[in-house]
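First the structure, in the form of structure tokens, and then the observations on it.
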Amino acid sequence: MTTPRTEAELDAVIAEALAPYQGWLSRTEAAVMQALLADALATHPATSELVEQLGPAPELDGSGTIRQGAEGGEGAAGEGSDTDDDAAAG
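Structure follows, in structure tokens:
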């Protein structure tokens with residue numbers, strides 16, 4: 365199932381894929397290619413899972429803290445993070 369946001373993002377992906385062919389394809393050919401790409405993205409098992417990921421993130425059903433930049437950037441474990449405070453307190 366696609367949402368309006370997903371549809372817009374999917375249209376943008378398809379437009380980007382067809383951009384190199386602007387001027388080479390007729391309007392009819394471009395429309396056919398657009399329809400084929402949309403169908404393939406929506407129905408192929410590998411791509412349909414990726415299209416689902418374009419949708420909004422699921423809502424969290426619990427409480428907790430989400431740290432920004434957890435891959436080593438600001439807010440990751442290290443100097444100035446919550447983990448230093450926890451280690452000092454415990």
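365 is the number of the first residue of the sequence shown in the numbering used here; add one for each residue after it. Glycine included, each C-beta is placed from N, C-alpha and C at the ideal position. No experiment lies behind these values; they were computed from the predicted model shown.
Ala441 - DSSP class collapsed to helix/strand/coil: For Ala441, the predicted structure reports a pLDDT of 49, less than 50, and the residue's modelled location is therefore unreliable. A value from the coordinates is still provided. In the displayed model, Ala441 falls within coil according to three-state DSSP, outside both helix and strand.
Segment limits, alpha helix (DSSP H) that includes Ala383: Counting along the chain, Ala383 falls outside any alpha helix (DSSP H), and DSSP gives it neither H nor E.
Ala402 versus Gln417: straight-line alpha-carbon distance, rounded: Looking at the two C-alpha atoms, the distance is approximately 15 Å.
Buried/exposed call for Leu405, threshold 16 Cβ in 10 Å: By the Cβ neighbour-count rule, Leu405 is buried, with 16 or more other Cβ atoms within 10 Å of its own.
C-alpha distance - Trp388 paired with Asp375, whole-angstrom precision: The straight-line gap from Cα to Cα measures roughly 20 Å.
Ala399 to Val377 span [Cα, whole Å]: If I take the Cα positions, the gap works out to 13 Å.
Length of the line joining the Cα atoms of Ala394 and Glu380: The straight-line gap separating the alpha-carbon atoms of Ala394 and Glu380 is approximately 12 Å.
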